[in-house]
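Q: So in the UniProt record's numbering, the last one in the sequence shown is 220, and the numbering has no gaps at all.
Here you go, one structure.
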Amino acid sequence: MSHIVLLGDSIFDNALYVAEGMEVVCHVRAALGRQGEVSLLARDGSVLSDVEAQVARLAELPAPPTWLVVSCGGNDVLPLVGAMQTPVRSVLDAAELLASWQAEFRRAYRHMLDVVLSQRVPVAVATVYDAVPNLAPGLRTALAPFNDVILREAAARALPVLDLRLTCAEAADYASSSPIEPSAQGGRKIAAAIAALVGAHDPAARRTVVYGAAAPAASP
1 MSHIVLLGDS IFDNALYVAE GMEVVCHVRA ALGRQGEVSL LARDGSVLSD
51 VEAQVARLAE LPAPPTWLVV SCGGNDVLPL VGAMQTPVRS VLDAAELLAS
101 WQAEFRRAYR HMLDVVLSQR VPVAVATVYD AVPNLAPGLR TALAPFNDVI
151 LREAAARALP VLDLRLTCAE AADYASSSPI EPSAQGGRKI AAAIAALVGA
201 HDPAARRTVV YGAAAPAASP
């Protein structure tokens with residue numbers, strides 16, 4: 001029997017934004033049925049550096065995990081939104097700013113992955129979704145360098161990826177009370193994608209496969 005542990009932020013810990021029983025963790029339990037157990041260590045508001053404390057709590061669980069699924073990084077990017085409004089002289093200047101923020105994000109993401117992978121348990125990571133209702137096109141584009149970090153670091157370690165940009169592509173996938181959080185519908189889709197990933201992916205194959213709303217796409 002599988003035991004999936006969810007790490008990260010409010011993408012998984014979305015209880016404050018949906019009706020009771022409609023949380024992501026509940027949907028994952030329903031998707032797995034009797035084939036597995038789910039534990040939620042993710043916490044709303046967490047940033048990449050908080051995942052280390054979540055990993056430390058793995059020892060408190062009643063059974064060892066068979067999968068660690070991580071969705072984190074969005075809250076590290078969120079504080080940069082204000083800075084992204086700063087006027088610059090050229091597109092190249094804007095790109096230089098993004099590059100510096102991306103480099104800082106990469107350092108934090110690499111450290112987080114090192115901590116999670118130290119557990120010697122199969123790991124999957126999620127991208128930051130970008131179909132948030134009313135998100136300005138420029139901000140959506142500005143998310144791309146951070147998702148590039150997630151994809152590159154996952155590929156460098158042959159980890160499967162849950163691409164939430166594919167999973168949560170509709171406005172109804174986001175909570176009305178806080179549109180940056182998954183709704184009941186979005187949570188159901190995320191849960192289905194997690195169940196598909198852990199059911200289909202062979203960690204021993206050592207290759208990156210991207211899972212989402214459509215059929216998984218494998219790297220060569």
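C-beta: ideal position from N, C-alpha, C; glycine also.
Since the structure is predicted, the reported quantities are computational estimates derived from the model, not experimental observations.
Hey, GLU181 and ASN75: beta-carbon distance below 7 Å or not?
A: In this structure, ASN75 does not lie closer than 7 Å to GLU181 by Cβ.
Q: From this set, LEU41, ALA192 and VAL24, which residue's C-alpha is nearest GLY8's C-alpha?
A: With distances taken between Cα atoms, GLY8 lies closest to LEU41.
Q: In chain order, what residues of the same chain lie with their CB nearer than 7 Å to the CB of ALA158, ignoring the 5 residues before and after it?
A: Correct list, in chain order: ARG206, ARG207 and THR208.
Q: Under 7 Å, do PRO62 and VAL121 count as touching if we go by C-beta distance?
A: No. Outside cutoff.
Q: Give me, in chain order, the residues of the same chain whose beta-carbon lies closer than 6 Å to that of SER10; leave out the 5 immediate sequence neighbours on both sides.
A: Excluding residues within five positions, the ones whose Cβ falls inside 6 Å are ASP44 and GLU181.
Q: Taking C-alpha atoms, which residue in ALA94, GLY212 and ALA204 lies nearest to MET187?
A: The sequence shown places Gly at residue 187, rather than the Met named in the question. Of the candidates ALA94, GLY212 and ALA204, the one whose C-alpha sits nearest the C-alpha of GLY187 is GLY212.
Q: How far does the beta strand (DSSP E) with GLU37 in it reach, from first residue to last?
A: Run containing GLU37: 36–40, per the beta strand (DSSP E) assignment.
Q: Whole angstroms are fine: how far does the CA of THR167 sit from the CA of ASN147?
A: So the alpha carbons of these two residues sit roughly 14 Å apart.
Q: Shortest alpha-carbon distance to ALA131 belongs to which of TYR109, LEU80, ASP173 and PRO145?
A: Checking every option, the nearest Cα to that of ALA131 belongs to ASP173.
Q: Count the other C-beta atoms from every protein chain shown that fall within 10 angstroms of the C-beta of PRO87, then say buried if there are 16 or more, exposed otherwise.
A: So PRO87 ends up on the exposed side.
Q: Considering only the alpha carbon of each residue, which of LEU135, VAL91, VAL24 and LEU80 lies closest to ALA193?
A: Checked all of LEU135, VAL91, VAL24 and LEU80; the closest Cα to ALA193 is VAL24.
Q: Under 8 Å Cβ to Cβ from ALA99, same chain only, skipping five residues before and after it: list those, please.
A: Once the five neighbours on either side are set aside, the close Cβ partners of ALA99 are PRO145.
Q: Give me, in chain order, the residues of the same chain whose beta-carbon lies closer than 6 Å to that of HIS3; leave out the 5 immediate sequence neighbours on both sides.
A: For HIS3, where only same-chain residues beyond five positions count, the Cβ hits under 6 Å are GLU37, ALA63, PRO65 and THR66.
Q: Apply the 10 Å Cβ neighbour rule to THR127 and answer buried if 16 or more other Cβ atoms are within range, or exposed otherwise.
A: Answer is buried; the Cβ neighbour count reaches 16.
Q: My assumption, with CB atoms under 8 Å, is that GLN102 sits in contact with VAL69. Please give the rounded CB distance.
A: The Cβ separation is near 24 Å, so there is no contact.
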